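Participant: First residue of the sequence shown? That's 99 in the numbering used here, and the numbers climb one at a time after it. Ideal Cβ positions, reconstructed from N, Cα and C, are used throughout, including at glycine. Please read these numbers as outputs of a predicted model, since none were measured by experiment. Please see the structure below; I have some questions.
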Amino acid sequence: MTDAFTEQLVAWRRELHQYPELSNHEFATTERITAWLKQADIRILPFGLKTGVVIEIGQGEPLIALRADIDALPINEATDLPFASKNAGVMHACGHDIHTSVMLGVAYQLKALEKTLAGRVRILFQPAEETFNGAQQLIDAGALEGVQAIFGLHNAPDLPVGTLKTRGGAFYANVDRFTIDINGKGAHAARPHEGIDSVVIASQIVTTLQTLASRIYSSQESVVVSVTRFTAGNTWNVLPQTVELEGTVRTHNDAIRAQIPVKIESLISGIASGFGASATLNWQPGPPALVNTQQWADFALELAAENGYHTEVATPQMGGEDFAFYLQQIPGAFVSIGSASDYGLHHPSFNPDEAIIGQAVDYFTELAQRALKAIKPR
Ligand code: NI
Numbered sequence: 099m100t101d102a103f104t105e106q107l108v109a110w111r112r113e114l115h116q117y118p119e120l121s122n123h124e125f126a127t128t129e130r131i132t133a134w135l136k137q138a139d140i141r142i143l144p145f146g147l148k149t150g151v152v153i154e155i156g157q158g159e160p161l162i163a164l165r166a167d168i169d170a171l172p173i174n175e176a177t178d179l180p181f182a183s184k185n186a187g188v189m190h191a192c193g194h195d196i197h198t199s200v201m202l203g204v205a206y207q208l209k210a211l212e213k214t215l216a217g218r219v220r221i222l223f224q225p226a227e228e229t230f231n232g233a234q235q236l237i238d239a240g241a242l243e244g245v246q247a248i249f250g251l252h253n254a255p256d257l258p259v260g261t262l263k264t265r266g267g268a269f270y271a272n273v274d275r276f277t278i279d280i281n282g283k284g285a286h287a288a289r290p291h292e293g294i295d296s297v298v299i300a301s302q303i304v305t306t307l308q309t310l311a312s313r314i315y316s317s318q319e320s321v322v323v324s325v326t327r328f329t330a331g332n333t334w335n336v337l338p339q340t341v342e343l344e345g346t347v348r349t350h351n352d353a354i355r356a357q358i359p360v361k362i363e364s365l366i367s368g369i370a371s372g373f374g375a376s377a378t379l380n381w382q383p384g385p386p387a388l389v390n391t392q393q394w395a396d397f398a399l400e401l402a403a404e405n406g407y408h409t410e411v412a413t414p415q416m417g418g419e420d421f422a423f424y425l426q427q428i429p430g431a432f433v434s435i436g437s438a439s440d441y442g443l444h445h446p447s448f449n450p451d452e453a454i455i456g457q458a459v460d461y462f463t464e465l466a467q468r469a470l471k472a473i474k475p476r
């Protein structure tokens with residue numbers, strides 16, 4: 099890559115960073131990406147998306163896909179960077195601006211190599227990753243039709259630039275969300291025996307939910323249960339009638355994932371009914387675990403080592419990533435690449451090292467070419 103091209107990609111990344119947009123509202127972002135792709139005469143596929151862009155380079159079969167996510171978060175940026183967000187309350191705090199600039203660079207490089215490609219490369223500039231519904235929109239639009247393998251990246255602020263990790267099998271977690279409504283009987287705080295104290299019941303539910311991970315499932319399984327909201331009452335001398343709890347469950351094993359809401363129902367109804375109260379679970383399934391194809395994860399790691407990355411086999415993570423929806427449909431691999439930020443993902447001071455961009459562009463350009471050659475004709 100020439101220095102001038104790297105500078106161009108950094109400039110585009112900074113422009114995206116200055117004008118971040120929330121999930122499913124990436125209108126100006128889509129316009130920018132489209133304009134930059136058109137400058138290189140890159141073929142835009144007519145999927146009729148509200149936001150997001152899908153392009154294709156090359157001819158014939160096989161067909162592989164690469165994916166970048168393009169949305170930002172409802173966070174007020176706290177960096178003093180010269181290119182800090184100009185959209186108040188919205189920030190590229192997950193580095194999707196980095197992912198987008200990487201795939202813009204790959205698009206340009208593959209376009210220059212178009213005549214030599216052993217097939218077609220489709221690049222998905224996907225909206226709404228943060229709300230976990232963008233990948234499904236592209237699948238519904240038909241963006242995976244004919245695609246034989248898909249690859250994507252997330253920057254990893256805890257890793258140094260030049261490090262790449264992935265693993266075959268489950269990598270990111272099943273992400274589920276829940277609320278629990280506890281209905282007791284309100285009373286004067288001085289006479290709790292006249293009511294049914296929903297605060298005490300909810301407190302027991304919070305601690306009992308921790309036994310899912312420690313006493314109900316094997317310590318060898320990954321199960322995280324976090325209650326993140328406990329909403330009750332509005333003053334000091336009234337015991338409230340109701341409490342609402344909210345939280346998340348993270349797992350990698352699909353069988354355990356399916357059992358957990360049943361277990362939670364049984365635990366909370368047992369506790370609540372013991373006191374004469376009721377507890378109702380509202381379960382909201384999120385994205386499934388991201389399961390890399392072993393062969394493509396190995397391929398991605400080997401190629402990274404050849405391209406000068408320090409590589410490691412990753413340990414499973416408890417975060418979620420909607421790239422998982424693509425991997426439910428077709429084979430592929432998702433990788434983590436070091437971006438060395440002092441502050442983590444979704445932090446208002448998140449500031450990834452832009453040095454990640456050039457190396458990742460060269461890596462995915464090579465990966466696309468080599469993946470096409472590795473796929474046997476159908
Ligand atoms: Ni992200």
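(1) What's the gap between the Cα of S183 and the Cα of I173?
(2) Straight-line CA distance for E105 to Q207?
(3) Between the C-alpha atoms of R265 and I435, what's the straight-line distance to the nearest angstrom?
(4) Between G456 and M99, is the Cβ-Cβ spacing less than 7 angstroms?
(5) Closest by CA to K471, which one among A216, Q318, Y407, A330?
(6) Tell me whether V200 is buried or exposed, calling it buried when 16 or more other Cβ atoms sit within 10 Å of its Cβ.
(7) Whole angstroms is fine: what's the gap from I155's alpha carbon to G417's?
(8) Would you mind reading off the limits of the beta strand (DSSP E) that contains Y270?
(9) Report the partner residues of V323 according to the DSSP bridge assignment.
(10) For D169, decide whether its Cβ has a neighbour in chain C, counting only Cβ atoms nearer than 7 angstroms.
(11) What residue ranges within the stretch 187-223 form continuous beta strand (DSSP E) runs of no fewer than 3 residues, ordered along the chain?
(12) Which of helix, strand or coil does DSSP assign to S364?
(13) List, from N- to C-terminal side, the alpha helix (DSSP H) runs of 4 residues or more that fit wholly inside the stretch 253-299.
(14) Assign K213 to one of two classes, buried (16 or more other C-beta atoms within 10 Å of its C-beta) or exposed (fewer than that).
(15) Along the alpha helix (DSSP H) that carries I455, what are the first and last residues, could you check?
(16) Going by DSSP, which residues form a beta bridge with P376?
(17) From G244, S437, V108, pick the residue whose C-alpha is nearest to that of Q157; which is it?
(18) What three-state label does DSSP hand E105 in the structure shown?
(19) Quick one, which of F125, A241, I248 has its alpha-carbon nearest V433's?
(20) Can you give me the Cβ contacts of D295 inside the same chain, cut-off strictly under 7 angstroms, excluding the 5 residues immediately before and after it?
(21) Just list the residues that DSSP pairs D167 with in beta bridges.
(22) Counting Cβ pairs closer than 8 angstroms, one from the stretch 282-293 and one from the stretch 324-340, do we hit at least three?
(23) From the DSSP secondary-structure annotation, give me the bridge partner or partners of T329.
(24) In the DSSP assignment, what are the bridge partners of H408?
(25) My understanding is that V273 touches R348, with C-beta atoms under 8 angstroms, so please give their C-beta distance in whole angstroms.
(26) Does the contact criterion of 3 or more C-beta pairs under 8 angstroms hold for the stretch 161-175 versus the stretch 183-197?
(27) Taking buried to mean at least 16 other C-beta atoms within 10 Å of its own C-beta, is S364 buried or exposed?
(28) Which value, in whole angstroms, describes the spacing of the CA atoms of W334 and R289?
(29) Please report how far the alpha carbon of E319 lies from the alpha carbon of H350, in whole angstroms.
(30) Please classify A422 as buried or exposed, where buried requires at least 16 other C-beta atoms within 10 Å of its C-beta.
(31) Is the CB-CB distance between A170 and V152 below 7 angstroms?
(32) Determine contact between the stretch 438-457 and the stretch 250-257, defined as no fewer than three beta-carbon pairs at a distance below 8 angstroms.
(33) Under three-state DSSP, which class holds E154?
(34) What's the C-alpha gap between G430 and A375?
(35) Going by DSSP, what residue range makes up the beta strand (DSSP E) through I237?
(36) Looking at the structure shown, is S301 part of a helix, part of a strand, or coil, going by DSSP?
Facilitator: If we stick to the structure as given:
(1) By 1-based counting over the sequence shown, the position of residue 183 is 85. By 1-based counting over the sequence shown, the position of residue 173 is 75. Distance between S183 and I173, taken at the CA atoms: about 10 angstroms.
(2) Looking up residue 105 in the sequence shown gives position 7. Looking up residue 207 in the sequence shown gives position 109. When rounded, the separation of the alpha-carbon atoms in E105 and Q207 is 14 angstroms.
(3) Reading the sequence shown from its first residue, position 167 is the one you call residue 265. Reading the sequence shown from its first residue, position 337 is the one you call residue 435. So the alpha carbons of these two residues sit roughly 13 angstroms apart.
(4) Within the sequence shown, residue 456 is the residue found at index 358, counting from 1. Within the sequence shown, residue 99 is the residue found at index 1, counting from 1. For the 7 angstroms CB-CB criterion, G456 and M99 form a contact.
(5) Within the sequence shown, numbered from 1, the residue matching residue 471 stands at position 373. Comparing Cα positions, the closest option is A216.
(6) Locating residue 200 in the sequence shown gives position 102, counting from the first residue. Looking at its Cβ environment, which holds 16 or more other Cβ atoms inside 10 Å, V200 is buried.
(7) Taking the first residue of the sequence shown as position 1, residue 155 is located at position 57. Taking the first residue of the sequence shown as position 1, residue 417 is located at position 319. C-alpha separation (whole angstroms): 32 angstroms.
(8) In the sequence shown, the residue the question calls residue 270 occupies position 172. Run containing Y270: 267-270, per the beta strand (DSSP E) assignment.
(9) Taking the sequence shown and counting its residues from 1, one reaches residue 323 at position 225. DSSP lists V347 as the bridge partner or partners of V323.
(10) No chain C appears in the structure shown, which is made up of a single protein chain.
(11) Those beta strand (DSSP E) runs which fall completely within the stretch 187-223 and span 3+ residues do not exist here.
(12) Taking the first residue of the sequence shown as position 1, residue 364 is located at position 266. Of the three classes helix, strand and coil, the one that applies to S364 here is helix, per DSSP.
(13) Complete alpha helix (DSSP H) runs here, min 4: none at all.
(14) Translated into the one-based positions of the sequence shown, residue 213 becomes position 115. K213 should be labelled exposed.
(15) Within the sequence shown, numbered from 1, the residue matching residue 455 stands at position 357. Taken as a continuous stretch (DSSP letters only), the alpha helix (DSSP H) holding I455 covers 454-472.
(16) In the sequence shown, counting from the first residue as 1, residue 376 sits at position 278. Residue identity check: residue 376 is Ser in the sequence provided, not Pro. S376 is bridged to N281.
(17) Residue mapping note: residue 157 aligns to position 59 of the sequence shown, counting from 1. The option with the nearest alpha carbon to Q157 is G244.
(18) The sequence position of residue 105 within the sequence shown is 7, counting from 1. If DSSP states are grouped into helix, strand and coil, E105 belongs with the helices.
(19) Within the sequence shown, the letter at position 335 stands for residue 433. When each option's Cα is compared against that of V433, the closest is I248.
(20) Here the question's residue 295 lines up with position 197 in the sequence shown. Within the same chain, and ignoring the five residues on either side of D295 in sequence, the residues whose Cβ sits closer than 7 angstroms to its Cβ are G282, L337.
(21) For the purposes of this step, residue 167 is identified with residue 69 of the sequence shown, where counting begins at 1. DSSP lists Q224 as the bridge partner or partners of D167.
(22) Yes, the stretch 282-293 is in contact with the stretch 324-340.
(23) Translated into the one-based positions of the sequence shown, residue 329 becomes position 231. Per DSSP, E342.
(24) Residue numbering aside, residue 408 sits at position 310 when the sequence shown is read from its first letter. Note: H408 sits in a beta bridge opposite T261.
(25) Here the question's residue 273 lines up with position 175 in the sequence shown. Here the question's residue 348 lines up with position 250 in the sequence shown. That pair is a contact at about 6 angstroms.
(26) Contact check between the stretch 161-175 and the stretch 183-197: three or more CB pairs, one atom from each, fall below 8 angstroms, which counts as touching.
(27) The residue you call residue 364 lines up with position 266 of the sequence shown. Exposed, since its Cβ has fewer than 16 Cβ neighbours within 10 Å.
(28) Taking the first residue of the sequence shown as position 1, residue 334 is located at position 236. Taking the first residue of the sequence shown as position 1, residue 289 is located at position 191. Cα to Cα, W334 sits roughly 13 angstroms from R289.
(29) Reading the sequence shown from its first residue, position 221 is the one you call residue 319. Reading the sequence shown from its first residue, position 252 is the one you call residue 350. Each residue's alpha carbon lies about 8 angstroms from the other.
(30) In the sequence shown, residue 422 corresponds to position 324, counting from 1. Residue burial is scored here from C-beta neighbours: A422 has at least 16 other C-beta atoms within 10 angstroms and is therefore classed as buried.
(31) Walking along the sequence shown from the start, residue 170 turns up at place 72. Walking along the sequence shown from the start, residue 152 turns up at place 54. 7 angstroms or more divides the Cβ of A170 from the Cβ of V152.
(32) A contact exists between the stretch 438-457 and the stretch 250-257.
(33) Here residue 154 corresponds to residue number 56 of the sequence shown, with the count starting at 1. Reduced to three states, the DSSP call for E154 is strand.
(34) Taking the sequence shown and counting its residues from 1, the one referred to as residue 430 is at position 332. Taking the sequence shown and counting its residues from 1, the one referred to as residue 375 is at position 277. Each residue's alpha carbon lies about 48 angstroms from the other.
(35) Taking the first residue of the sequence shown as 1, we reach residue 237 at position 139. Where I237 is concerned, there is no enclosing beta strand (DSSP E), although the alpha helix (DSSP H) it sits in stretches over 232-239.
(36) On the sequence shown, residue 301 is found 203 positions in, with the first residue counted as 1. In this structure, DSSP gives S301 a helical state, which the three-state scheme calls helix.
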